[in-house]
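A.B. asks:
Numbering (the numbering used here), first residue to last: 5 to 332.
(1) Does residue 198 come out as helix, strand or coil in the three-state DSSP assignment?
(2) Does the pairing of the region 207-214 with the region 137-152 give three or more beta-carbon distances under 8 Å?
(3) Output the distance between the C-alpha atoms of residue 83 and residue 74, rounded to the nearest integer angstrom.
(4) Roughly how many angstroms separate the alpha carbons of residue 238 and residue 193, rounded to a whole number?
(5) Taking the CB atoms as reference points, tell me whether residue 224 and residue 241 lie closer together than 7 Å.
(6) I'd like to know if the region 139-150 and the region 168-180 are in contact, where contact means that at least 3 CB-CB pairs between them fall below 8 Å.
(7) Taking Cβ to Cβ, would you say residue 214 is nearer than 7 Å to residue 67?
(8) Identify whether residue 276 lies in helix, strand or coil by the three-state DSSP scheme.
(9) Mind the definition here: the region 103-119 touches the region 179-191 only if three or more C-beta pairs lie below 8 Å; say whether that holds.
(10) Could you spell out the range, first to last residue, of the alpha helix (DSSP H) harbouring residue 188?
(11) With DSSP as the reference, label residue 233 as helix, strand or coil.
(12) Determine the extent of the alpha helix (DSSP H) in which residue 81 is found, giving its start and end residues.
(13) Does DSSP classify residue 226 as helix, strand or coil?
(14) Are three or more beta carbon pairs between the region 272-282 and the region 151-160 nearer than 8 Å?
(15) If you draw a straight line from the alpha carbon of residue 97 to that of residue 122, how long is it in whole angstroms?
(16) Can you say whether residue 265 is buried or exposed, counting buried as having 16 or more other CB atoms within 10 angstroms of its CB?
(17) Helix, strand or coil for residue 193, going by three-state DSSP, please let me know.
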């Protein structure tokens, strides 16, 4: 069929673009490392085990805060999943972000949620809004601190300031609920049983901001151990990491922001630390975040199994089919 052939061609083209762009960013980071390898090697040797441990703990707490941000929304949609089950859905589902595209965490969480009788539209809405809140708060933090980051940060990423009014307005309950309703219509799904409350959105935003603070502390522990200083280093670290993550997220073709996040982090840290320090911090940060993303699913899989019997959820949404929504 012509339609199937066109879809297959578009899929191949998209995959090729994903590979090319990701490879280009990775090549840039690899070139930056090789160019300063003699300095980078010395800086790596300066990292202490205590700093790495502290950074990893902060990353683990940051990922947990992201989980709490998501869980608030899932509960608001009527799915009161036990803690162990919610951990399984979220942490195992988040491994999908290491595949190209942003749809895989959504599809994986929808599939895992079946064991807990979570309607597909509730799973999809919770994870998509969590992503949206993470992106909005991340860009907001970056825009606020961007003018003091120095270096090329302002020249390369001044456009994040445009995100401030958009992020603030979009996270207002009336606006966010209208966006959610529009998304359901475009995905040809029934409307959600009720609107998100201001309390639920506010609590999700709170945990989203808490995750950025912890991610910033994760980066700060590395930079501080590598000799960076200044009373505002923690503020710069939070803004730099939030901005780098947001930029990596916007480039949806890169799995888990691989490449673009590191490249952006080098630019955002340029006014605060030397290039070798920024390179080491970016690479070690990526490694530790990956470890954190693997630790939580491992803990969940070892301590929890899907229930044999369905868990009761809100009656008026149990019958909703759980096919996947369109990719964001």
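Every residue gets a Cβ at the ideal spot worked out from N, C-alpha and C, and that includes glycine.
Only a predicted model underlies this, so the values are computations on that prediction, with no experimental measurement involved.
C.D. replies: On the basis of the coordinates in this document:
(1) In the structure shown, residue 198 sits in coil (DSSP, three-state: anything other than H, G, I, E or B).
(2) yes
(3) So the alpha carbons of these two residues sit roughly 12 Å apart.
(4) 43 Å
(5) yes
(6) In the pairwise beta carbon analysis, the region 139-150 is classified as touching the region 168-180: at least three pairs are separated by under 8 Å.
(7) no
(8) coil
(9) no
(10) Per DSSP, residue 188 belongs to the alpha helix (DSSP H) from 177-190.
(11) Per DSSP, reduced to three states, the secondary structure at residue 233 is coil, with no helix or strand assignment.
(12) In this chain, residue 81 is not harboured by any alpha helix (DSSP H), its DSSP state being neither H nor E.
(13) In the displayed model, residue 226 falls within a helix according to three-state DSSP.
(14) The region 272-282 is in contact with the region 151-160.
(15) 14 Å
(16) buried
(17) coil
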